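*Asks:* Take a look at the following structure, please.
Structure, rendered in structure tokens:
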């Protein structure tokens with residue numbers, strides 16, 4: 001493509017903002033469209049940057065793309081300012097024998113793949129995190145980080161250097177964006193609208209779908225035990241739970257997962273299950289203040305990889321980041337910048353190409 | 366006392382506002398002091414007007430005062446406007462044999478006392494409220510009502526006809542009220558500051574204390590069962606729970622009880638216990654939206670009766686209403702109006718007199 005001057009970014013979650021910031025820094029004139037900029041999945045999220053603890057045999061592409069992005073995170077964060085990047089690492093706690101067996105599988109896989117992870121006994125784990133409840137064993141993953149997602153989003157927005165349009169996008173193509181106020185022409189259009197991306201572009205209609213998640217924000221109170229020092233992950237009654245401590249004392253507990261369309265109501269059951277799970281993992285949270293409950297919509301893709309690349313009509317897709325929008329924001333911005341500059345697709349971005357989705361022409365159905 | 370013109374009311378919860386409204390209507394010039402008028406226990410409350418289901422052998426004075434006030438409620442409500450008074454009645458559900466035994470005691474007591482209450486089987490109860498979970502038996506109390514407490518408070522405030530001062534009261538006596546802005550003289554001073562009353566007057570210091578309560582506000586969602594038609598009460602794992610339906614579809618679930626001083630943080634445990642209990646009583650609330658969590662401070666008294674009457678320094682105490690502030694607001698206002706007019710203490714107010722608290726002079730300790 002010729003060197004574009006005017007770039008539209010549809011979506012003001014972490015992916016859209018990171019793209020806007022990087023593009024504006026590179027000299028493009030950037031316009032960001034979002035009807036509701038404070039309601040992104042990344043605003044609700046826990047803030048884990050955890051490709052290793054999220055890894056699973058068979059999903060090597062996901063792990064490698066995540067690590068590619070994680071390597072960029074320290075510089076990405078340092079350029080923005082104090083985004084509350086925590087380098088204390090992550091622990092995975094096994095509460096029962098079934099969990100411990102799963103951790104054995106994960107630890108074996110990571111060891112064969114040469115990733116840093118240490119299997120520890122329950123006693124060793126509780127020495128590191130004395131507030132944990134009854135745990136059978138654990139896994140230490142020192143390299144998985146966490147970020148204060150809300151601080152990050154505020155800084156990205158403040159530093160984006162873009163024009164912000166708070167309007168619903170009703171149509172888009174490679175050369176324009178349409179809202180209720182009319183059509184605006186652009187040299188390049190990036191679709192980073194998270195779960196809504198599937199509604200905004202036919203090529204993503206069956207590919208990106210919303211997966212609702214609920215989350216809690218808790219605060220220790222006078223006399224209660226402080227939060228864990230590290231991110232703690234576990235599985236309670238078949239449901240994954242994580243506890244992510246923030247530098248300001250807040251503890252984020254997440255997250256439920258439902259296929260519920262575009263509904264973002266916080267449900268009684270979701271909150272009850274998260275509270276039960278958190279108390280099981282770290283009993284003293286029972287005494288904590290429940291400061292906030294919230295729900296967001298992850299943009300799930302068919303294969304847990306995002307969709308990064310140009311669609312047939314010239315729109316650049318930066319969507320389908322599922323649980324990894326925060327982690328993958330730096331690498332996504334880099335992929336978009338390469339495309340804007342007319343450089344070839346980076347090797348690490350190839351597995352995420354939209355080409356993988358077009359096995360058969362749509363007409364052949 | 367001589368006929369006062371200028372009346373101060375300290376506290377803008379339901380008791381203070383009801384007193385202010387009635388006094389202003391009677392021609393007094395009324396000033397209401399409250400630093401935080403939207404944070405009263407009555408704002409957080411469920412809105413039950415339930416002297417009969419709250420009754421217990423040995424607490425006849427509480428029952429009789431409650432019924433005295435309940436009789437006034439229909440007129441009190443009608444004068445104010447649409448306060449969402451529900452006359453659908455209350456059911457008490459027994460979930461297990463222990464609960465059923467307790468209901469037998471209550472039903473026997475009410476029957477001997479000539480109050481209307483009907484013991485029903487679990488099957489009969491579920492016929493009336495099909496959304497109930499597994500219930501062993503129940504008690505129907507048609508006369509116990511409920512009010513939309515927030516609508517009531519908004520109307521009381523709008524119609525009070527009083528001057529409102531949003532300032533912390535730092536001192537008071539029978540002839541003045543002191544705030545950070547200075548001392549103002551009054552002909553009569555009514556102390557209706559709920560849990561804070563014990564801090565504001567030495568005669569109430571050991572008498573009125575805060576009892577924290579947490580509450581949830583839930584909303585049915587598309588496809589979920591509607592809320593019960595009546596107020597539903599039960600005891601789950603030793604903790605009382607109530608579900609109060611509102612005309613607008615909201616369901617209020619309460620309430621925890623703690624002795625926690627003046628702390629009003631909503632705790633993780635409190636919310637989790639309320640959600641568990643509500644789901645046990647009415648399973649489909651699991652699908653409801655959790656719209657709000659809140660905590661308030663009931664003004665508990667030593668004997669579950671409020672303190673209504675003149676204190677030694679001439680201040681009129683209208684405090685210590687515990688769980689019954691909304692129920693007892695009409696009768697409390699009437700007691701204050703009698704006092705302002707120099708009429709004798711009504712018979713029904715005698716048991717609530719502060720005289721009962723002064724068994725020994727303070728000096729004799």
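Chains as they are written, first to last, in this note's numbering: chain A, 1 to 365; chain B, 366 to 730.
Using N, Cα and C, we set each Cβ at its ideal position, and we do this for glycine too.
Everything numeric in this text was worked out from a predicted model, so none of it was measured.
#1: Chain A beta carbons: is any one of them nearer than 8 Å to that of residue 637 of chain B?
#2: If we count Cβ pairs, one from each stretch, closer than 8 Å, do we get three or more for the stretch 240-247 of chain A versus the stretch 72-92 of chain A?
#3: Could you give the DSSP three-state label for residue 264 of chain A: helix, strand or coil?
#4: Quick one: grab the DSSP three-state call for residue 683 of chain B.
#5: Is residue 42 of chain A near residue 13 of chain A, with beta carbons less than 8 Å apart?
#6: Determine the extent of the beta strand (DSSP E) in which residue 550 of chain B is found, giving its start and end residues.
#7: Report the start-end ranges of each beta strand (DSSP E) in the stretch 58-130 of chain A that is 3 residues or longer and not cut off at the edges.
#8: Would you call the stretch 683-690 of chain B in contact with the stretch 549-558 of chain B, where contact means no fewer than 3 C-beta pairs closer than 8 Å?
#9: Given a threshold of 16 other Cβ atoms within 10 Å of its Cβ, counted over all protein chains shown, does residue 51 of chain A qualify as buried or as exposed?
#10: Going by the DSSP bridge assignment, what does residue 252 of chain A pair with across the sheet?
#11: Where DSSP assigns a beta bridge to residue 210 of chain A, which residues make up the other side?
#12: By alpha-carbon positions, which one of A:165, A:161, A:211 ends up nearest to residue 182 of chain A?
#13: Any chance the stretch 476-492 of chain B sits against the stretch 569-585 of chain B, with 3 or more Cβ pairs inside 8 Å?
#14: So, for residue 494 of chain B: in the same chain, excluding its five sequence neighbours on each side, which residues have a beta-carbon less than 6 Å away from its beta-carbon?
#15: For residue 336 of chain A and residue 25 of chain A, what's the separation of their Cα atoms in angstroms?
#16: Output needed in chain order: residues of the stretch 615-641 of chain B with a Cβ under 7 Å from some Cβ in chain A.
#17: Could you give the residue range of the alpha helix (DSSP H) that holds residue 333 of chain A?
#18: For the stretch 578-593 of chain B, list every residue whose C-beta sits within 7 Å of some C-beta in chain A, in sequence order.
#19: Hey, is residue 211 of chain A's beta-carbon within less than 8 Å of any beta-carbon in chain B?
#20: Please list the partners that residue 287 of chain A has in chain B, where partner means a Cβ-to-Cβ separation under 8 Å.
#21: Give me the Cα-Cα distance between residue 707 of chain B and residue 675 of chain B, rounded to the nearest whole angstrom.
#22: Please return the same chain residues whose Cβ sits closer than 8 Å to the Cβ of residue 727 of chain B, not counting the five positions on each side in sequence.
#23: Does the structure place the stretch 288-299 of chain A close enough to the stretch 664-672 of chain B that three or more beta carbon pairs sit under 8 Å?
#24: If you follow the beta strand (DSSP E) that residue 562 of chain B is part of, which residue opens it and which one closes it?
#25: Output the boundary residues of the beta strand (DSSP E) element that contains residue 171 of chain A.
#26: Can you name the start and end residues of the beta strand (DSSP E) that residue 350 of chain A belongs to?
#27: Assess contact between the stretch 534-548 of chain B and the stretch 463-481 of chain B, defined as three or more Cβ pairs (one per stretch) separated by less than 8 Å. Is contact present?
#28: Is the beta carbon of residue 498 of chain B sitting closer than 8 Å to the one on residue 645 of chain B?
#29: Determine which residues share a DSSP beta bridge with residue 5 of chain A and list them.
#30: Measuring CB to CB, does residue 160 of chain A end up less than 8 Å from residue 21 of chain A?
#31: Taking 8 Å as the threshold (beta carbon to beta carbon), is residue 521 of chain B in contact with chain A?
#32: I need the boundaries of the alpha helix (DSSP H) containing residue 649 of chain B, first residue and last residue.
#33: Report buried or exposed for residue 158 of chain A, applying the criterion of at least 16 other Cβ atoms within 10 angstroms of its Cβ.
#34: When you compare the CB of residue 535 of chain B with every CB in chain A, is at least one pair closer than 8 Å?
#35: Measure the alpha-carbon distance for residue 625 of chain B versus residue 689 of chain B and round it to whole angstroms.
#36: Could you tell me whether any Cβ in chain A is nearer than 8 Å to the Cβ of residue 655 of chain B?
*Replies:* Per the coordinate set shown:
#1: Using a CB distance cut-off of 8 Å, residue 637 of chain B counts as an interface residue toward chain A.
#2: They touch, by the three-pair rule.
#3: Residue state, collapsed to three classes: coil.
#4: DSSP places residue 683 of chain B in strand when its eight states are reduced to three.
#5: Between residue 42 of chain A and residue 13 of chain A, the C-beta spacing is below 8 Å.
#6: From DSSP, the beta strand (DSSP E) with residue 550 of chain B extends over 547-550.
#7: Counting only runs of 3 or more, we get 90-94, 118-121.
#8: Taking 8 Å as the limit for Cβ pairs, the verdict is that the stretch 549-558 of chain B does touch the stretch 683-690 of chain B.
#9: When all chains shown are included, residue 51 of chain A counts as buried.
#10: Bridge partners of residue 252 of chain A: A:217, A:244.
#11: Residue 210 of chain A has A:299 as its beta-bridge partners, per DSSP.
#12: Nearest in C-alpha terms to residue 182 of chain A, of all of A:165, A:161, A:211, is A:165.
#13: These segments do not touch.
#14: Closer than 6 Å at the Cβ level, and outside the excluded window around residue 494 of chain B, lie 593.
#15: Residue 336 of chain A and residue 25 of chain A: Cα-Cα distance of roughly 13 Å.
#16: Taken in chain order, the members of the stretch 615-641 of chain B whose beta-carbon sits within less than 7 Å of a beta-carbon on chain A are 630, 631, 632, 633, 634, 636, 637, 640, 641.
#17: Start and end: 325-340.
#18: Answer in chain order: 583, 586.
#19: No, residue 211 of chain A lies away from the interface with chain B (no Cβ there is under 8 Å from its Cβ).
#20: Residues of chain B with a Cβ closer than 8 Å to the Cβ of residue 287 of chain A are, in chain order, 632, 633, 634.
#21: Rounded to whole angstroms, the gap between the alpha carbons of residue 707 of chain B and residue 675 of chain B is 12 Å.
#22: With a pLDDT of 48 at residue 727 of chain B, under the threshold of 50, the modelled position of this residue cannot be trusted, and the question is left open.
#23: With contact defined as three or more Cβ pairs closer than 8 Å, the stretch 664-672 of chain B and the stretch 288-299 of chain A are not in contact.
#24: First-last for residue 562 of chain B: 562-565, but that is the alpha helix (DSSP H), not the beta strand (DSSP E).
#25: For residue 171 of chain A, the uninterrupted beta strand (DSSP E) segment begins and ends at 169-173.
#26: Under the DSSP assignment, residue 350 of chain A falls outside any beta strand (DSSP E); it carries neither an H nor an E label.
#27: Judged by Cβ distances under 8 Å, the stretch 534-548 of chain B makes no contact with the stretch 463-481 of chain B, as fewer than three pairs qualify.
#28: Result yes, Cβ atoms of residue 498 of chain B and residue 645 of chain B sit closer than 8 Å.
#29: BP columns for residue 5 of chain A are empty, so no partner.
#30: Yes.
#31: No, no contact with chain A.
#32: Taken as a continuous stretch (DSSP letters only), residue 649 of chain B belongs to no alpha helix (DSSP H), as it is neither H nor E.
#33: Exposed is the call here.
#34: Answer no: the Cβ-Cβ gap between residue 535 of chain B and chain A never drops below 8 Å.
#35: Those two C-alpha atoms are separated by around 19 Å.
#36: Closer than 8 Å: yes.
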